[in-house]
Amino acid sequence: MKKIVWFIVLMSMVIFASTTTAKVIKEYYENGNIKKSTSYRFNQKNGVEKEYYLNGNIMSETEYKNGKIDGFGRIYLINGRIERERSYMNDKLNGVNKIYFKNGNLSFQAYYSDGKITKEVRAFFENGKLKYKAPVSNDEEIFEMYNNNGTLVVKMPFGKYLDEKAKNLNKISKNIESTGEEYFAPCSACHGADGGFPALGKSKIIAGQPADVIYKKFIKYQLGAKDETGNGSLMTGQVAMLTDDQLKQLALYISQL
Ligand code: HEC
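Per the numbering used here, residue 171 is the first one in the sequence shown, and the count goes up by one each step.
Next comes the structure, spelled out in structure tokens:
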């Protein structure tokens with residue numbers, strides 16, 4: 171009987187030790203180079219997870235605390251230059267979010283607090299000069315845009331700028347053949363075939379929103395000045411693939427869904 175009790179005590183200690191011990195799991199490419207290294211503690215990611223390119227250069231670094239992204243998240247180009255840098259707390263964006271040009275200069279900067287985009291966003295030209303700054307939560311605040319020699323091009327309340335852009339929504343130059351349906355095809359993967367699904371389970375329903383409202387949201391995504399769910403950069407990528415006329419046509423199409 172005593173022996174059995176001792177055995178159980180010993181086994182519990184072994185199991186306890188194996189779950190509390192920190193461990194590092196490494197994956198390798200076929201050529202033997204390291205692909206990924208992840209640190210665990212209490213079987214949760216803890217510490218910096220690193221991914222590498224086949225040539226051995228670092229691809230990404232993501233800091234974890236108790237299984238959640240907490241700290242920095244950095245993505246590097248294959249030549250070793252940093253491309254994107256984000257700060258997180260408790261799995262949510264928190265702090266500065268920066269995107270860089272290939273020459274290492276800052277291209278875009280936004281701030282987050284507890285997953286929400288705050289303050290204003292700023293974008294720069296490759297030569298380092300300010301391209302625009304846009305408010306993120308109040309359309310009454312001033313939007314400013316410059317050209318690459320520093321001359322002011324636009325300075326007005328953001329809402330007014332968006333209104334002016336959306337003014338001619340119905341007067342799309344007639345080089346557009348599509349009804350907008352074909353531009354919507356890639357969107358339906360996330361927003362549903364009829365635009366009636368919350369994308370990634372999170373976005374608002376887009377079907378039936380007024381065309382000018384949708385188009386103004388496109389412009390905000392284009393500028394990086396909208397992020398409702400922490401996935402705004404994903405939509406920035408989506409709208410970057412379409413011309414202004416195509417975006418207008420698409421907005422008209424979605425409003426009819
Ligand atoms: C990979 C999934 C995905 C794809 C593809 C996608 N979206 Fe989205 N979309 C989202 C998510 C997620 C959001 C919420 C983004 C945020 O946090 O602001 C969103 C937000 C939107 C919004 C703003 C909704 C609101 O009222 O706040 C519009 C409009 C929109 N998408 C239109 C489109 C269009 C048009 C396309 C195709 C060109 C498209 N989306 C492609 C995931 C996607």
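Where a beta carbon is used, it is the ideal one built from N, C-alpha and C, also for glycine. In this text the structure is predicted, and so the values were computed from the model without any measurement.
Can you say whether Leu370 is buried or exposed, counting buried as having 16 or more other CB atoms within 10 angstroms of its CB?
Exposed, since its Cβ has fewer than 16 Cβ neighbours within 10 Å.
Examine ligand 1 and report whether any of its heavy atoms sits within less than 8 angstroms of the Cβ of Glu200.
Answer for Glu200: no, Cβ out of range of ligand 1.
So for Phe328, helix, strand or coil by DSSP?
In the structure shown, Phe328 sits in a helix (DSSP, three-state: H, G or I).
Report whether the distance from the Cβ of Ser277 to the nearest heavy atom of ligand 1 is below 8 angstroms.
Result no, Cβ not under 8 angstroms from ligand 1.
Taking 8 angstroms as the cut-off, does the stretch 405-418 touch the stretch 305-312 (at least 3 CB pairs, one atom from each stretch)?
Taking 8 angstroms as the limit for Cβ pairs, the verdict is that the stretch 405-418 does not touch the stretch 305-312.
Between Asp397 and ligand 1, is the CB less than 8 angstroms from at least one heavy atom?
Under cutoff, so the answer is yes.
Per DSSP, what are the beta-bridge partners of Gln442 in this structure?
Only positions 171 to 427 of the chain appear in the structure, and residue 442 is not among them; the question remains open.
Report the three-state DSSP secondary structure of Ala192 (helix, strand or coil).
Ala192: coil per DSSP, three-state reduction.
Fully enclosed by the stretch 251-283, which beta strand (DSSP E) runs are 3 residues long or longer?
Qualifying beta strand (DSSP E) stretches, in chain order: 252-259, 262-270, 276-283.
Return yes when at least one heavy atom of ligand 1 lies under 8 angstroms from the C-beta of Gln426, else no.
Flag unset: Cβ of Gln426 not near ligand 1.
Taking the Cβ atom as the reference point for each residue, do Tyr281 and Val266 lie within a distance shorter than 9 angstroms?
Their beta carbons are under 9 angstroms apart, which means Tyr281 touches Val266 by this criterion.
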